[in-house]
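Beneath this line is the structure, given in structure tokens, with notes to follow.
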Amino acid sequence: MKKIIIGNFKMNTVPSEFKPYAMTLATKIKGTKNEVVICPPFTHLSMAREILSGTQVLYGAQNLAEEERGEFTGEISASMLKDLGTSYVIVGHSERRGKFKETDKVVNKKIKTALANGIKVVLCVGENLQTKTSKQANAFVRKQLEEALRGLFENELESVVVAYEPIWASGTGKAISNKDIVKMVETIRNFVGELYSEKAGKNLNVLYGGSVSLSNYKKIMSIDCIDGVVIGGASLDVDNFALICKEKY
Ligand code: PGA
Numbered sequence: 190m191k192k193i194i195i196g197n198f199k200m201n202t203v204p205s206e207f208k209p210y211a212m213t214l215a216t217k218i219k220g221t222k223n224e225v226v227i228c229p230p231f232t233h234l235s236m237a238r239e240i241l242s243g244t245q246v247l248y249g250a251q252n253l254a255e256e257e258r259g260e261f262t263g264e265i266s267a268s269m270l271k272d273l274g275t276s277y278v279i280v281g282h283s284e285r286r287g288k289f290k291e292t293d294k295v296v297n298k299k300i301k302t303a304l305a306n307g308i309k310v311v312l313c314v315g316e317n318l319q320t321k322t323s324k325q326a327n328a329f330v331r332k333q334l335e336e337a338l339r340g341l342f343e344n345e346l347e348s349v350v351v352a353y354e355p356i357w358a359s360g361t362g363k364a365i366s367n368k369d370i371v372k373m374v375e376t377i378r379n380f381v382g383e384l385y386s387e388k389a390g391k392n393l394n395v396l397y398g399g400s401v402s403l404s405n406y407k408k409i410m411s412i413d414c415i416d417g418v419v420i421g422g423a424s425l426d427v428d429n430f431a432l433i434c435k436e437k438y
């Protein structure tokens, strides 16, 4: 089965390291049926266009401005990303929500701006440890989805991939059980089903992210109800990442 595999570099690597990485990845994954997307820092995207155009590796951004243009020093707009051939943008990553105080309202605006510019969205949702231990995770994620998707039409969901990234499992190396993943992915599908239609919930692309690595990706990818994974730390090693990307699932 075809899976979607997103590499989130976060604030790692410099542009000069990116060229060999991108060339190696494109060569190594040739012929894969999976959709492979790398999301390097903004500074690498114009090089991504040069190296990756015409290959099977798509590229995305890790963030975008909620506004389209104007007096927003330091921001990067959706049209700038589009002009560089960016296919995807990550919106609402827990690091942006937590460290940069991005609210659900901002997330919703960013999604609309990306979609209006023809860029697909990887919408990240997920609870922290406290919310999980107080058994509030389902309600929390449902609320994040409701706010993020507010005002979106059902047909726009084709361009939205939801990534379930429990904060307690991200960057920690801590394994999460398949049972926990299945439970939340079902919650997400059911909720989108309630918001739109059963078909919308069923067809939604849902990914899992959080400490996916060479040692656990097979177990995680064996879950039927997920369409792929988001990989942070383990995407930085091109050989390991390529192995995960070219596997047949
Ligand atoms: P990780 O990061 O794979 O390093 O846990 C995933 C993410 O936060 O997107």
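According to this note's numbering, the residues represented by the sequence shown are 190 to 438, in order.
Virtual Cβ for every residue (Gly too), placed ideally from N, Cα, C.
Residue i Cβ short of 8 Å to the ligand PGA heavy atom set
i    : result
E291 : no
S400 : yes
S359 : yes
A423 : yes
H282 : yes
N197 : yes
E354 : yes
C313 : yes
Integer-rounded CB distance, given that residue j should sit under 8 Å from residue i
i    : j    : result
T302 : L270 : Their Cβ separation, rounded to whole angstroms, is 10 Å, which puts T302 and L270 out of contact at 8 Å.
Y385 : E345 : Contact flag wrong, Cβ pair sits at about 10 Å.
T232 : P204 : 5 Å
V371 : I412 : 6 Å
T275 : G249 : 6 Å
Residue i vs residue j beta-carbon contact at 9 Å
i    : j    : result
L396 : V330 : no
I365 : G399 : yes
F430 : L214 : yes
A423 : L403 : yes
A211 : L241 : yes
K217 : Y438 : no
Heavy atom of the ligand ADP within 8 Å of residue i beta-carbon
i    : result
I420 : As for the ligand ADP, it is missing from this structure, which binds only the ligand PGA.
Quiz item: Within the chosen definition, does the stretch 309 to 325 reach the stretch 274 to 286 through at least 3 CB pairs nearer than 8 Å?
Solution: Touching, yes.
Quiz item: Using 8 Å as the Cβ pair cut-off and three pairs as the minimum, do the stretch 222 to 230 and the stretch 193 to 212 touch?
Solution: Under the 8 Å Cβ criterion, the stretch 222 to 230 counts as touching the stretch 193 to 212, having at least three qualifying pairs.
Quiz prompt | Residue ranges of each beta strand (DSSP E) within the stretch 341 to 423, 3 or longer | solution = The qualifying runs are 349 to 353, 394 to 398 and 417 to 420.
Quiz prompt | alpha helix (DSSP H) segments (min. 4 residues) lying fully within the stretch 257 to 325 | solution = Counting only runs of 4 or more, we get 267 to 272, 283 to 288, 293 to 305 and 318 to 322.
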